[in-house]
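To convert, take the position in the sequence shown, counting from 1, and add 97; that gives our numbering.
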Amino acid sequence: MDVSTLTICEAASGLRAKAFSSVELTGAVLDAIEKRDAELNAYLSVDAEGALRQAAGADAARAAGADGDLLGVPVAIKDLINVEGQPCTCASKQLLGYVSPYDATVSAKLRRAGAIFAGRTNMDEFAMGSSTEASAFKVTRNPHDLSRVPGGSSGGSAAAVAGGEAIAALGTDTGGSIRQPASFCGCVGLKPSYGRVSRYGVTAYASSLDQVGPMTRTVEDAAVLLQQLAGCDARDGTTLDLPVPDYRAALRGGLKGLKIGLPKEYYIDGADREVMACVRRAVDACAAAGAEIVEVSLPHTEYAIAVYYIVATAEASANLARFDGVRYGHRAANPRSVFELYAKSRAEGLGTEVKRRIILGTYVLSSGYYEAYYGRAQKVRTLVRKDYAEAFKTCDVLMTPVAPTAAYRIGEACDDPLKMYLGDIFTVPANLAGICGISVPCGATAAGLPVGLQLLGPAFGEGTILRAAYAYEQEVRA
Ligand code: GLN
Numbered sequence: 098m099d100v101s102t103l104t105i106c107e108a109a110s111g112l113r114a115k116a117f118s119s120v121e122l123t124g125a126v127l128d129a130i131e132k133r134d135a136e137l138n139a140y141l142s143v144d145a146e147g148a149l150r151q152a153a154g155a156d157a158a159r160a161a162g163a164d165g166d167l168l169g170v171p172v173a174i175k176d177l178i179n180v181e182g183q184p185c186t187c188a189s190k191q192l193l194g195y196v197s198p199y200d201a202t203v204s205a206k207l208r209r210a211g212a213i214f215a216g217r218t219n220m221d222e223f224a225m226g227s228s229t230e231a232s233a234f235k236v237t238r239n240p241h242d243l244s245r246v247p248g249g250s251s252g253g254s255a256a257a258v259a260g261g262e263a264i265a266a267l268g269t270d271t272g273g274s275i276r277q278p279a280s281f282c283g284c285v286g287l288k289p290s291y292g293r294v295s296r297y298g299v300t301a302y303a304s305s306l307d308q309v310g311p312m313t314r315t316v317e318d319a320a321v322l323l324q325q326l327a328g329c330d331a332r333d334g335t336t337l338d339l340p341v342p343d344y345r346a347a348l349r350g351g352l353k354g355l356k357i358g359l360p361k362e363y364y365i366d367g368a369d370r371e372v373m374a375c376v377r378r379a380v381d382a383c384a385a386a387g388a389e390i391v392e393v394s395l396p397h398t399e400y401a402i403a404v405y406y407i408v409a410t411a412e413a414s415a416n417l418a419r420f421d422g423v424r425y426g427h428r429a430a431n432p433r434s435v436f437e438l439y440a441k442s443r444a445e446g447l448g449t450e451v452k453r454r455i456i457l458g459t460y461v462l463s464s465g466y467y468e469a470y471y472g473r474a475q476k477v478r479t480l481v482r483k484d485y486a487e488a489f490k491t492c493d494v495l496m497t498p499v500a501p502t503a504a505y506r507i508g509e510a511c512d513d514p515l516k517m518y519l520g521d522i523f524t525v526p527a528n529l530a531g532i533c534g535i536s537v538p539c540g541a542t543a544a545g546l547p548v549g550l551q552l553l554g555p556a557f558g559e560g561t562i563l564r565a566a567y568a569y570e571q572e573v574r575a
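Next up, the structure:
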């Protein structure tokens with residue numbers, strides 16, 4: 098067994114055929130982490146003992162007749178999703194030393210399915226960033242070029258999957274944090290529709306945008322993981338009580354008869370030429386394979402970044418108020434007053450980017466400015482959502498680049514927040530609209546850096562984007 102390329106589906110058949118046990122499989126993943134992570138820095142913590150104990154339990158359950166695609170399969174978890182008994186730092190000094198007393202709903206679901214929790218992956222602090230450089234603890238490296246970023250904020254999950262240190266992982270996507278690192282690292286990343294997957298027990302960044310989703314080596318694995326994650330949860334009132342389709346069955350439809358829309362606002366000058374060439378080649382190949390290509394327009398795309406950085410920071414400023422040294426988080430020593438306790442605890446515990454966003458978010462919500470910024474942003478958000486609704490009247494999926502560039506060098510963009518924010522142009526609109534999207538590898542630049550193809554589908558259209566992505570991956574790209 099070679100865990101550096103093994104998929105969930107291959108692991109499951111190996112376990113079923115008794116080619117290896119879960120203890121052996123988990124041991125091999127832990128060995129890979131041991132060998133490679135000093136270089137990649139994909140993990141913030143590894144729970145070798147707990148994982149091997151869980152693996153022994155999975156082997157015993159299988160011997161007693163249990164089965165399932167995830168039974169005995171190790172999965173890496175982004176460090177803002179609670180897993181009982183494991184740290185959950187959100188890559189912030191604020192939560193150093195915190196150990197989760199409970200499972201998030203997604204963790205509980207994976208636990209019930211028999212998945213093994215091998216370790217916690219690095220991220221931008223509180224998921225605010227696009228390169229994982231904003232982690233308070235370490236800088237994760239891109240497995241394809243160690244001088245480059247893995248993308249973010251789920252950069253640790255992407256680097257672990259692409260770098261041979263995890264078979265699959267969970268990430269979260271508020272404005273692209275699953276799809277963009279998947280694109281930069283060359284793996285598959287799926288952001289489910291808003292309301293498809295529970296966020297209970299997932300540290301909130303921007304509650305009207307956040308979603309949890311799979312990061313995997315294949316589209317089929319993304320379908321298998323999503324199958325376990327999806328569904329209504331009484332503990333998250335934003336989840337919808339809609340039936341969960343059989344996503345694996347949905348893979349088989351092929352490209353014939355599918356209408357693929359190309360939003361002209363996503364094919365712009367200013368994006369990297371090599372990246373655009375990879376995306377165009379993928380689109381042409383899909384057309385040759387029988388898909389019908391139509392041009393569509395999403396006219397409010399140019400406002401999406403501005404709207405996103407108002408809505409997301411406003412919500413973040415409210416969500417992060419709880420990290421005050423009293424209710425949650427780091428508590429400063431010897432404060433002279435309650436005010437000083439709050440101020441010092443937050444000043445010491447939070448990083449620069451998080452502070453920048455709390456300040457911006459508090460400003461756009463303040464009386465006198467609320468209507469001018471937050472109120473108007475909400476209105477434009479509705480226009481962005483309507484753009485997609487219009488587009489999906491004439492096509493089944495949209496095909497676009499994931500990011501305007503491939504992975505950039507560590508240190509290259511982190512001094513210029515605006516430049517970093519602009520890199521989110523192709524991913525944030527889907528979060529604003531609540532629709533689903535997937536990033537699937539579609540080639541590489543001359544320097545060998547992976548490029549992702551983004552497929553967007555209507556809300557609760559995961560089956561359709563999985564079908565198109567699977568057909569592209571299996572029939573067209575090969
Ligand atoms: N890069 C975006 C941001 O910094 C998206 C982050 C995310 O999806 N968590 O907010």
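For glycine and all other residues, C-beta sits at the position ideal for the given N, C-alpha and C.
- Out of A500, P555, R454 and H427, the CA that lies nearest to the CA of A486 is found in P555.
- Counting only the Cα atoms, E572 lies some 23 Å from A543.
- Under the three-state reduction of DSSP, L447 is assigned to coil, being neither helix nor strand.
- Inter-residue distance for M312 and G283 is about 10 Å (C-alpha atoms, whole angstroms).
- Secondary structure at Q308: strand, using DSSP grouped into helix, strand and coil.
- The C-alpha of I402 lies about 49 Å from the C-alpha of A114.
- One Cα belongs to T336, the other to V499, and the distance between them is close to 26 Å.
- Closest option to A210, judged by alpha-carbon separation, among R443, V321, G549 and V481: V321.
- If you compare the alpha carbons of L287, V309, A116 and G426 with that of L193, the shortest gap goes to G426.
- With the rule of 3 Cβ pairs closer than 8 Å, the region 383 to 398 does not count as touching the region 504 to 516.
- Here K206 is buried: its Cβ has 16 or more other Cβ atoms, across all protein chains shown, within 10 Å.
- One alpha carbon belongs to L447, the other to V143, and they sit about 24 Å apart.
- Ranked by Cα distance from A201, the first of D221, L326 and V376 is L326.
- The three-state secondary structure of T271, taken from DSSP, is coil.
- Shown here for C187: same chain residues with a beta carbon closer than 8 Å to its own, the five before and five after excluded, namely D176, L177, M220, E222, F223, A224 and T300 in chain order.
- D156 carries a helical assignment under DSSP once its states are collapsed to helix, strand and coil.
- A Cβ-Cβ contact shorter than 8 Å links A152 with S119.
- According to DSSP, M496 shares a beta bridge with L552.
- The region 329 to 345 makes no contact with the region 359 to 379: fewer than 3 CB pairs, one atom from each, lie closer than 8 Å.
- About 20 Å separates the beta carbon of V391 from that of C539, a gap too long to meet the 8 Å contact definition.
- Pairwise C-beta distances place the region 126 to 139 in contact with the region 227 to 246, as three or more of them are shorter than 8 Å.
- One thing to note: F420 has its Cβ no nearer than 8 Å to the Cβ of R453.
- The closest heavy atom of the ligand GLN lies less than 7 Å from the beta carbon of M225.
- Within the DSSP bridge table, the entry for T218 names Y140 and K175 as partners.
- Judged by DSSP secondary structure, G560 falls within the alpha helix (DSSP H) whose first and last residues are E559 to A568.
- For the ligand GLN, a non-hydrogen atom lies closer than 7 Å to the CB of S250.
- The region 382 to 451 is shown to contain whole alpha helix (DSSP H) runs of 4 or more residues at 401 to 416 and 435 to 446, in chain order.
- Rounded to the nearest angstrom, the gap between the Cα atoms of E121 and S204 is 22 Å.
- Taking 8 Å as the cut-off, the Cβ atoms of V170 and I130 do not count as close.
- In this structure, T497 sits away from L457, with a CB-CB distance that is not shorter than 8 Å.
- Only residues of its own chain outside the window of five on either side were considered, and among them P498, P501 and T502 have a CB closer than 8 Å to the CB of A368, listed in chain order.
- L553 and L495 do touch by the CB rule: their CB atoms are close to 4 Å apart, below 8 Å.
- Fully enclosed beta strand (DSSP E) runs of no fewer than 3 residues occupy 494 to 498 and 533 to 541 of the region 456 to 541, in order along the chain.
- By the beta-carbon neighbour count (other beta carbons within 10 angstroms, threshold 16), T449 is exposed.
- The C-beta distance from R276 to T524 rounds to 5 Å, short enough to fall under 8 Å.
- V126 counts as buried, since at least 16 other C-beta atoms from the protein chains shown sit within 10 angstroms of its C-beta.
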